[in-house]
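> Here it is: the structure, laid out below.
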Amino acid sequence: MKYLGGGLISAILLISGLTLGLPLGHMWPTTQIFWQLRVPRLIFALIGGGMLAVSAVIFQTTLRNRYVDGGMLGLASGVELGNALIAVIFAPATPWRVLTGALWAIVWLLILRASMLRILRQPLQLLLGGLGVAMLLNAITTLITSNQGFVGKSLANVTLQDTWLLAIFCVVGIIIWQIAGPTLTYFALPQIHVGQLGIDEKRLSLLWQLGAALFIGAVTAVLGSTFFVGLIIAQVVAQLMTKPAQNRLVVTGLLGAVMLSGSDLLAHSLHYPLELPTGAVLMLLTAPLLLVFWKRGHDVN
24 MKYLGGGLIS
34 AILLISGLTL
44 GLPLGHMWPT
54 TQIFWQLRVP
64 RLIFALIGGG
74 MLAVSAVIFQ
84 TTLRNRYVDG
94 GMLGLASGVE
104 LGNALIAVIF
114 APATPWRVLT
124 GALWAIVWLL
134 ILRASMLRIL
144 RQPLQLLLGG
154 LGVAMLLNAI
164 TTLITSNQGF
174 VGKSLANVTL
184 QDTWLLAIFC
194 VVGIIIWQIA
204 GPTLTYFALP
214 QIHVGQLGID
224 EKRLSLLWQL
234 GAALFIGAVT
244 AVLGSTFFVG
254 LIIAQVVAQL
264 MTKPAQNRLV
274 VTGLLGAVML
284 SGSDLLAHSL
294 HYPLELPTGA
304 VLMLLTAPLL
314 LVFWKRGHDV
324 N
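If you use the numbering used here, the sequence shown closes out at 324, no skipped numbers anywhere.
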């Protein structure tokens with residue numbers, strides 16, 4: 024774990040240096056570009072990538088389902104739909120998209136807990152149900168925004184407000200989980216044993232999932248839906264570390280930060296001055312890892 028964490032921190036420092044100082048179009052970044060564009064973008068990518076990956080671990084653990092993340096449950100798609108409605112109906116609220124995204128995620132989490140998450144217990148059923156909900160919500164979002172001039176999601180338009188709001192929700196999520204303390208270990212026990220210990224698993228899972236939903240909503244508001252990404256990042260760490268979920272959170276967050284910041288660096292520089300959608304680059308980089316898992320026949324833990 025020590026060497027893995029050190030390697031990821033080194034990768035973050037390298038990507039950060041390139042993101043902040045890389046000349047594009049044979050031009051070095053000006054002071055204004057550095058502080059108003061590159062710094063907020065980098066901070067958002069680092070924090071957002073960590074939040075995306077950690078939220079996947081939380082959902083997998085609390086749902087006792089190794090095949091899910093926030094995007095595959097339909098939470099991210101619900102956030103996109105909600106923010107699209109706000110943008111069409113009340114455009115002045117758009118600068119607060121990170122805040123509204125977090126609120127939409129909580130709304131959708133409560134809806135899912137009262138419906139799909141209560142009914143679908145088997146891993147495959149929940150996976151298919153979540154993807155079905157996500158596809159439906161994405162289709163509605165596309166229809167709503169088709170004539171609004173919206174384009175693929177990129178971190179090119181990240182603002183200082185987006186970044187500090189994201190940082191606030193990151194802190195809120197951490198506080199929620201600090202309150203929960205080491206209770207994530209209970210989900211490693213059979214449900215019947217948890218009940219015998221007098222633990223209300225439903226209430227406990229809600230506490231953890233609220234923090235994960237805040238993370239998903241805040242990041243998705245800018246990045247857009249990223250299917251399988253959280254799942255894959257979480258499983259890469261699970262393959263490298265045979266430790267309980269709560270002991271993998273930090274390393275998983277670091278890997279998420281590396282993946283999103285690295286993807287955004289490529290999205291910004293590969294085809295400059297054109298911007299590639301950061302979410303699409305992120306999915307392109309992580310998808311082969313899923314194929315590797317399938318080929319090796321590893322169970323997703």
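Using N, Cα and C, we set each Cβ at its ideal position, and we do this for glycine too.
In chain order, what residues of the same chain lie with their CB nearer than 8 angstroms to the CB of Q59, ignoring the 5 residues before and after it?
Taken in chain order, the residues that qualify are L183.
> So, for H321: in the same chain, excluding its five sequence neighbours on each side, which residues have a beta-carbon less than 7 angstroms away from its beta-carbon?
Unreliable placement is indicated for H321, whose pLDDT of 47 sits below 50; the coordinate value is still reported in the next sentence. Cβ neighbours of H321 beyond the five flanking positions: Q262.
> Express the C-alpha separation of N180 and T265 in angstroms, rounding to a whole number.
Those two C-alpha atoms are separated by around 39 angstroms.
> Straight-line CA distance for I129 to M50?
Roughly 43 angstroms separates the two Cα atoms.
> Looking only at its chain, what residues have a beta carbon closer than 6 angstroms to the beta carbon of G302, apart from the 5 residues adjacent to it on each side?
Cβ neighbours of G302 beyond the five flanking positions: K176, L246, G247, T249.
> What number of angstroms, rounded off, separates the C-alpha of P52 from the C-alpha of A310?
Each residue's alpha carbon lies about 32 angstroms from the other.
> Considering Q184, what are the terminal residues of the alpha helix (DSSP H) in which it resides?
It spans 183 to 203 - the alpha helix (DSSP H) in which Q184 sits, taken as one unbroken run.
> Residues in its own chain within less than 6 angstroms of A79 by CB, not counting five upstream and five downstream?
D92, G253, L254, A257.
> Helix, strand or coil for M95? Go by DSSP, reduced to three states.
DSSP places M95 in coil when its eight states are reduced to three.
> Assign L154 to one of three DSSP states: helix, strand, or coil.
Looking at L154 - three-state DSSP - the assignment turns out to be helix.
> Hey, L188 and V121 are a contact pair by Cβ (cut 8 angstroms); roughly how many whole angstroms apart?
With a Cβ gap of about 4 angstroms, L188 and V121 count as contacting.
> Look up L47 in the DSSP assignment and give the residues it is bridged to.
Looking at the DSSP assignment, L47 forms a beta bridge with M50.
> Closest to P118 by CA distance: which of P213, A244, L278 is it?
Ranking P213, A244, L278 by Cα distance to P118 puts A244 first.
> Would you kindly work out how many angstroms separate the C-alpha atoms of L45 and S292, rounded to a whole number?
Going from the Cα of L45 to the Cα of S292 covers about 9 angstroms.
> Starting from I81, trace the alpha helix (DSSP H) both ways and give me its first and last residue.
Per DSSP, I81 belongs to the alpha helix (DSSP H) from 62 to 85.
> Whose C-beta lies closer than 7 angstroms to the C-beta of A280 among residues of the same chain, with five residues either side of it excluded?
Excluding residues within five positions, the ones whose Cβ falls inside 7 angstroms are I35, L69, G72, G73.
> Any idea if Q338 is buried or exposed, counting beta-carbon neighbours within 10 angstroms, 16 or more meaning buried?
In the structure displayed, the chain extends from 24 to 324; residue 338 sits before or after that span and is not available.
> Given 8 angstroms as the limit, is there contact between the stretch 148 to 167 and the stretch 95 to 109, that is, 3 or more CB pairs closer than that?
With the cut-off at 8 angstroms, the stretch 148 to 167 and the stretch 95 to 109 touch.
> Looking only at C-alpha atoms, which of D223, I56, G196, L43 sits nearest to L272?
L272 has its Cα closest to that of G196, out of D223, I56, G196, L43.
> Compute the beta-carbon to beta-carbon distance between A125 and F82, rounded to the nearest angstrom, for a pair I have assumed lies under 8 angstroms.
With a Cβ gap of about 16 angstroms, A125 and F82 do not count as contacting.
> Under 7 angstroms, do S286 and V304 count as touching if we go by C-beta distance?
In this structure, V304 lies closer than 7 angstroms to S286 by Cβ.
> My output table needs one value for S100: the three-state DSSP class, helix, strand or coil.
In this structure, S100 counts as helix in the three-state DSSP scheme.
> Kindly indicate which residue of T123, A116, S138, L86 has the alpha-carbon position closest to the one of Q145.
Cα-wise, what sits closest to Q145 is L86.
> Tell me whether T208 is buried or exposed, calling it buried when 16 or more other Cβ atoms sit within 10 Å of its Cβ.
Counting Cβ neighbours within 10 Å, T208 comes out exposed, since fewer than 16 surround it.
> Can you tell me which of the three DSSP states Q145 falls into?
In the structure shown, Q145 sits in coil (DSSP, three-state: anything other than H, G, I, E or B).
> Could you tell me which of T164, G28, R136, V259 sits nearest to G105, measuring between CA atoms?
The shortest C-alpha separation from G105 is found at T164.
> For S33, which residues of its own chain have a beta-carbon under 6 angstroms away from its beta-carbon, when the five flanking residues on both sides are left out?
So the list is empty, once near-sequence residues are dropped.
> Does A244 come within less than 7 angstroms of chain C when only Cβ atoms are used?
No chain C appears in this structure, which consists of one protein chain only.
> Give the DSSP-derived three-state secondary structure of M264 in the structure shown.
Looking at M264 - three-state DSSP - the assignment turns out to be coil, as it is neither helix nor strand.
> Grab me the residues of V260's own chain with a C-beta within less than 7 angstroms of its C-beta, minus the 5 sequence neighbours each way, in chain order.
The residues are R271, V274, T275, L278.
> Specify, as a first and last residue, the run of the alpha helix (DSSP H) that Q219 falls within.
Counting along the chain, the alpha helix (DSSP H) containing Q219 begins and ends at 214 to 219.
> What is the rounded straight-line gap between the Cα of V174 and the Cα of P213?
In this predicted model, V174 has a pLDDT of only 46, less than 50, meaning its place in the structure is not dependable enough to derive any value.
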